[in-house]
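Participant: This is the structure, below, for whatever I ask next.
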Amino acid sequence: MVSQSGLIEFFASFLDEGAILQGEDVSGRTAGGLHTEENIQAKVILRPKTTEELSKILSACHESNQPIVVHGGLTGLVYGTRSTQDQLVISLERMNQIEDVDLIGRTITCQSGTTLQTIQELAEENNMMFPLDLGARGSCSIGGNIATNAGGNRVIRYGMMRDSVLGLEAVLADGTVLTSMNTMIKNNAGYDLKQLFIGTEGTLGIITRCVLRLREAPLSQNTGLVALENLDSVIRFLKIVDSKLGGNMSAFEVMWNEFYKMVVGSKEQSSIPLAPDYPYYVLVEALGSDQIKDEDHFESVLSECLESSLIKDAVLAKSDSERQALWAIRDDVEQQTNYKPTFMYDVSLPI
Ligand SMILES: Cc1cc2nc3c(=O)[nH]c(=O)nc-3n(C[C@H](O)[C@H](O)[C@H](O)COP(=O)(O)OP(=O)(O)OC[C@H]3O[C@@H](n4cnc5c(N)ncnc54)[C@H](O)[C@@H]3O)c2cc1C
Numbered sequence: 019m020v021s022q023s024g025l026i027e028f029f030a031s032f033l034d035e036g037a038i039l040q041g042e043d044v045s046g047r048t049a050g051g052l053h054t055e056e057n058i059q060a061k062v063i064l065r066p067k068t069t070e071e072l073s074k075i076l077s078a079c080h081e082s083n084q085p086i087v088v089h090g091g092l093t094g095l096v097y098g099t100r101s102t103q104d105q106l107v108i109s110l111e112r113m114n115q116i117e118d119v120d121l122i123g124r125t126i127t128c129q130s131g132t133t134l135q136t137i138q139e140l141a142e143e144n145n146m147m148f149p150l151d152l153g154a155r156g157s158c159s160i161g162g163n164i165a166t167n168a169g170g171n172r173v174i175r176y177g178m179m180r181d182s183v184l185g186l187e188a189v190l191a192d193g194t195v196l197t198s199m200n201t202m203i204k205n206n207a208g209y210d211l212k213q214l215f216i217g218t219e220g221t222l223g224i225i226t227r228c229v230l231r232l233r234e235a236p237l238s239q240n241t242g243l244v245a246l247e248n249l250d251s252v253i254r255f256l257k258i259v260d261s262k263l264g265g266n267m268s269a270f271e272v273m274w275n276e277f278y279k280m281v282v283g284s285k286e287q288s289s290i291p292l293a294p295d296y297p298y299y300v301l302v303e304a305l306g307s308d309q310i311k312d313e314d315h316f317e318s319v320l321s322e323c324l325e326s327s328l329i330k331d332a333v334l335a336k337s338d339s340e341r342q343a344l345w346a347i348r349d350d351v352e353q354q355t356n357y358k359p360t361f362m363y364d365v366s367l368p369i
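The C-terminal position of the sequence shown is numbered 369 in our numbering, with every residue numbered one higher than the one before it.
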């Protein structure tokens with residue numbers, strides 16, 4: 019059994035200088051979660067660059083019963099990245115290499131510390147789309163998205179992170195490297211071990227690399243914010259809009275009055291898209307193949323709903339900046355931290 023300082027000495031024998039952080043380099047860092055004023059408790063952060071380095075670290079920690087905590091982009095909302103003084107933090111922030119972009123197989127292969135936004139932008143540069151999207155896109159890591167099985171804004175059409183992972187590699191607690199870098203959508207070759215690491219928050223191993231599934235980039239995008247009177251109307255609106263948009267609906271994000279009021283309350287009156295006194299708001303978006311036709315159709319579906327009084331008011335984004343302004347309302351969950359204490363829940367309910 020080796021002490022923590024003995025382990026650090028051993029790690030220094032094969033890691034580069036920037037891989038081991040101690041002292042002020044660690045204490046000034048956030049512990050993660052929305053209350054970012056809480057600082058990290060662990061005294062050491064290890065930042066490997068390769069799977070081999072990580073495997074050696076884990077193997078040594080395992081032999082010495084040294085507990086560890088995994089850090090991705092630290093945007094998780096349920097404090098899975100909190101540490102204690104005796105734990106070692108392993109951060110994936112330097113494991114951020116893109117290994118391959120395959121436009122025929124429609125995949126990106128990368129290390130797990132790559133940010134979601136990097137993946138999205140890389141897909142866009144290649145006229146493709148990576149469908150997972152969420153407010154923390156600029157900071158969260160793809161490994162963290164996998165470990166939390168993130169849902170995001172387009173979950174209703176493209177599913178959760180699980181549906182965008184074709185293969186992955188993970189290192190188990192004893193340093194064993196488990197590689198399942200499948201690149202195909204159809205694979206019925208038996209046990210699908212990657213599923214064990216998706217949504218299990220690092221409890222079964224550290225995800226080091228992954229193969230992500232890309233989709234063809236949409237050629238049209240239409241976004242609207244609508245106001246409704248009650249939950250029953252919200253449910254009927256979902257059914258109608260989904261069937262009338264013929265499979266193009268890509269987002270249906272419901273916001274309760276309290277949330278909407280809180281977010282737009284900090285804005286100029288003239289920039290508030292809909293009056294803040296409706297009980298429910300829905301941000302609805304469609305991704306399709308023909309901007310002019312799809313826009314006409316999107317408008318006519320919402321007009322019908324207005325005429326039948328199913329929805330009470332609506333505003334459509336006419337430019338990218340208007341679209342971003344509507345999405346900024348949905349994404350602004352951080353406003354909630356102004357009202358402490360905050361309790362975070364992520365529950366699914368049948369409707
Ligand atoms: C503004 C905002 C909006 C959000 N919106 C959504 C949303 O719409 N839908 C949704 O589902 N979630 C949402 N989230 C939460 C979301 O789960 C996280 O943002 C993201 O998926 C976590 O990634 P991360 O890299 O920051 O992980 P971290 O916060 O660093 O870690 C999260 C957990 O995963 C573990 N972990 C991290 N990396 C790895 C790895 N490589 N291998 C094994 N375990 C690992 C950590 O130990 C921890 O338990 C939002 C968060 C914020 C701040």
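C-beta: ideal position from N, C-alpha, C; glycine also. Since this is a predicted model, take the numbers as computed values, not measurements.
#1: Hey, how far is the Cα of GLY177 from the Cα of ILE160?
#2: What I want to know is whether the C-beta of THR93 ends up closer than 6 Å to one or more non-hydrogen atoms of ligand 1.
#3: Take CYS128 as the anchor and find which of MET280, THR226 and SER337 has the nearest alpha-carbon.
#4: Apply the 10 Å Cβ neighbour rule to MET202 and answer buried if 16 or more other Cβ atoms are within range, or exposed otherwise.
#5: Which first and last residues belong to the alpha helix (DSSP H) in which GLU271 is found?
#6: Buried or exposed: TYR209, going by 16 or more other Cβ atoms within 10 Å of its Cβ?
#7: Check this for me: beta carbons of LEU243 and LEU186, under 7 Å apart or not?
#8: Beta-carbon separation of LEU39 and ILE108 under 7 Å?
#9: Measuring CB to CB, does PRO294 end up less than 7 Å from VAL302?
#10: Kindly indicate which three-state DSSP category ASN206 falls into: helix, strand or coil?
#11: Is any heavy atom in ligand 1 found nearer than 6 Å to the beta carbon of ILE63?
#12: Are the CB atoms of GLY91 and CYS158 within a distance shorter than 7 Å?
#13: In whole angstroms, what separates the C-alpha of LEU110 from that of MET280?
#14: To the nearest angstrom, report how far apart MET199 and GLN115 are at their CA atoms.
#15: Verify whether the separation of the beta carbon atoms of GLN5 and ARG155 is less than 7 Å.
#16: Can you grab the Cα-Cα spacing for the pair VAL229 / ALA60, in whole Å?
#17: Can you list, in chain order, the residues of its chain with a C-beta nearer than 6 Å to that of GLN138? Leave out the 5 residues immediately preceding and following it.
#18: Between the region 299 to 315 and the region 263 to 272, do three or more beta carbon pairs fall short of 8 Å?
#19: Assuming contact is defined by CB atoms lying nearer than 7 Å, are GLY223 and ALA188 in contact in what I supplied?
#20: Is it the case that the CB of ALA154 approaches a heavy atom of ligand 1 more closely than 6 Å?
#21: Does any heavy atom of ligand 1 sit closer than 6 Å to the C-beta of ILE86?
#22: Quick one, are the C-beta atoms of ALA191 and HIS80 less than 7 Å apart?
#23: Taking LEU324 as the reference, give the member of LEU196, LEU246, LEU237 and LEU121 with the closest Cα.
#24: Give me, in chain order, the residues of the same chain whose beta-carbon lies closer than 7 Å to that of THR133; leave out the 5 immediate sequence neighbours on both sides.
#25: Under 6 Å from any heavy atom of ligand 1, does the C-beta of ILE58 make it?
#26: Can you name the start and end residues of the alpha helix (DSSP H) that GLU42 belongs to?
#27: ILE253: beta carbon under 6 Å from a heavy atom of ligand 1?
#28: Return the bridge partner residues of ALA188 from the DSSP annotation.
#29: On the criterion of 16 or more Cβ atoms from any shown chain inside 10 Å, does LYS212 qualify as buried, or is it exposed?
#30: Thinking C-beta only, is TYR298 closer than 7 Å to VAL252?
#31: Hey, is ILE347 close to ligand 1, as in C-beta under 6 Å from one of its heavy atoms?
#32: Would you call the CB atoms of GLN105 and VAL87 closer than 7 Å?
Facilitator: From the atom records:
#1: 16 Å
#2: yes
#3: THR226
#4: exposed
#5: GLU271 -> not in any alpha helix (DSSP H); beta strand (DSSP E) instead, spanning 267 to 274.
#6: exposed
#7: no
#8: no
#9: no
#10: coil
#11: no
#12: yes
#13: 35 Å
#14: 16 Å
#15: There is no way to answer for residue 5, as the model of the chain reaches only from 19 to 369.
#16: 31 Å
#17: PHE148
#18: yes
#19: yes
#20: yes
#21: no
#22: yes
#23: LEU246
#24: GLY91, GLY156, SER157, CYS158 and SER159
#25: no
#26: 42 to 45
#27: no
#28: LEU196 and ILE225
#29: buried
#30: yes
#31: no
#32: yes
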